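According to this note's numbering, the sequence shown holds residues 49 to 336 in order.
Cβ atoms here follow ideal geometry from the backbone N, Cα and C, with glycine treated the same way.
Since we're looking at a predicted model, the values are computed, not measured.
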Amino acid sequence: MVFVNLTWHDPNVYIAADGNLVGVNQESRIKNQELVSSPMIHDSSFMIQDGNSTDSAQATFDLGSDQLFKDLSDKVALLESRINNLYDTTLSASSSALLVSSVIPSVAKDLDSSVASLLQNDNAATISGTLAVLGRTTLTDLGVTGNINAGLLSINGLEGEIYTLAGDLKLQPKGLGGIDILAGKIIIDTKGNMIVAGTVTAEAVEAEEFVVKGKDSIGTATIPIGAREIEVTTPIATSTSKIFLTATTNTTSPLTVSSKSNGRFRVAVVAPQPTPVTFDWWVVGTRE
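Structure representation (structure tokens):
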């Protein structure tokens with residue numbers, strides 16, 4: 049029977065790098081070799097007593113061939129490699145930190161100088177190069193001394209021009225509101241009705257229906273019984289106006305414009321009629 053004390057320790061015996069147990073006397077070496085080369089024989093003299101081994105209990109073991117020892121050696125080597133990598137990383141980080149610590153004061157000084165410059169110039173900044181903003185930009189007031197290009201829309205601020213690079217320029221394309229031009233002088237509502245405060249000049253006008261607003265250019269008059277003519281006053285009449293007459297009652301005498309001047313014109317019949325003669329008139333101005 050062999051008794052093993054788990055707390056055995058001999059400072060004179062240790063495991064060498066080659067896996068051999070060294071620090072024993074010559075006699076023990078010979079006995080240990082015999083122990084390794086010969087089968088294990090039960091011997092009551094082979095024991096460890098009181099934490100100290102007897103000469104017969106001291107032996108040399110070949111740890112190089114032990115699988116557990118190999119696994120432990122591999123793990124120790126891997127751990128050593130990781131420690132070396134960590135050491136290299138620490139050195140690199142220390143170098144970077146040293147570089148940053150040397151650069152930060154200079155950057156901070158420049159930043160303080162820039163901020164101070166901005167404060168002295170009422171928070172104004174001038175950028176002589178190109179400023180690229182990839183995100184959303186919110187501005188309170190925007191002043192542009194050159195051109196503004198937004199997609200196909202181009203605005204020339206110096207010339208006061210707005211145009212598109214392709215297609216027609218569309219105003220209120222969704223029809224959600226009307227268009228007011230020149231402080232109400234030209235108004236177009238959502239139904240397409242247009243109100244113009246001034247004069248509309250066109251080479252040709254095509255319309256399905258004409259409606260005359262007001263009483264200055266169109267109206268109705270009546271030549272009394274026994275009379276031959278009547279004077280009609282209207283502010284738009286001139287000596288060059290074209291006046292159209294249409295009788296609305298039966299008459300044997302045709303209606304004629306006997307005279308016209310600024311603000312008035314006269315309508316006559318050839319002979320006095322026994323009944324009143326009612327007619328419609330329409331004054332159209334002309335321009336050379």
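A straight-line Cα-Cα distance of about 5 Å links alanine 275 and proline 320. Threonine 334 is positioned such that its CB atom lies closer than 9 Å to that of lysine 290. When the five nearest sequence neighbours on each side are left out, the beta carbons in the same chain lying within less than 8 Å of the beta carbon of valine 332 are those of Ser265, Ser289, Lys290, Ile291 and Phe292, in order along the chain.
Residue environment for leucine 116: exposed (fewer than 16 other C-beta atoms within 10 angstroms of its C-beta). Excluding the 5 residues flanking it on each side, threonine 270 has same chain C-beta neighbours closer than 6 Å at Pro324 and Thr326, in chain order. The C-beta distance from alanine 295 to phenylalanine 313 rounds to 16 Å, too long to fall under 8 Å, and the pair is not in contact. DSSP places isoleucine 227 in the uninterrupted beta strand (DSSP E) bounded by 227–229.
In the DSSP annotation of this structure, the continuous segment of the beta strand (DSSP E) that includes phenylalanine 292 starts and ends at 290–295. Counting of Cβ neighbours within 10 angstroms places leucine 126 among the exposed residues, the total staying below 16.
Here asparagine 310 carries a coil assignment [DSSP, helix/strand/coil].
The C-beta distance from leucine 200 to leucine 213 rounds to 5 Å, short enough to fall under 8 Å.
Rounded to whole angstroms, glutamate 209 and aspartate 189 show a C-alpha spacing of 20 Å.
In this structure, the beta-carbon distance from valine 317 to glutamate 256 does not fall below 9 Å. As the crow flies, the alpha-carbon of glycine 267 is around 43 Å from that of aspartate 216. Contact annotation, serine 287 with lysine 308: C-beta distance approximately 6 Å; criterion of less than 8 Å satisfied. Asparagine 197 sits in a strand when the DSSP states are folded into three classes. Residue pairing by DSSP places glycine 267 opposite Trp329 in a beta bridge. Per DSSP, glutamate 336 is not a residue of any beta strand (DSSP E), being assigned neither H nor E. The Cβ atoms of glycine 194 and leucine 206 sit closer than 9 Å to each other. Boundaries of the beta strand (DSSP E) harbouring isoleucine 234: 234–236, taken from the DSSP string. Around the Cβ of tryptophan 330, a 10 Å sphere holds fewer than 16 other Cβ atoms; the residue is exposed. Contact between glycine 226 and isoleucine 236 holds, since their C-beta atoms are separated by about 6 Å, short of 8 Å.
Closest in alpha carbon position to threonine 281, among Lys118, Ser176, Arg130 and Val305, is Val305. Put simply, the backbone Cα of threonine 249 is about 17 Å away from that of leucine 230. Between the alpha carbons of serine 176 and tyrosine 211 lies a gap of roughly 28 Å.
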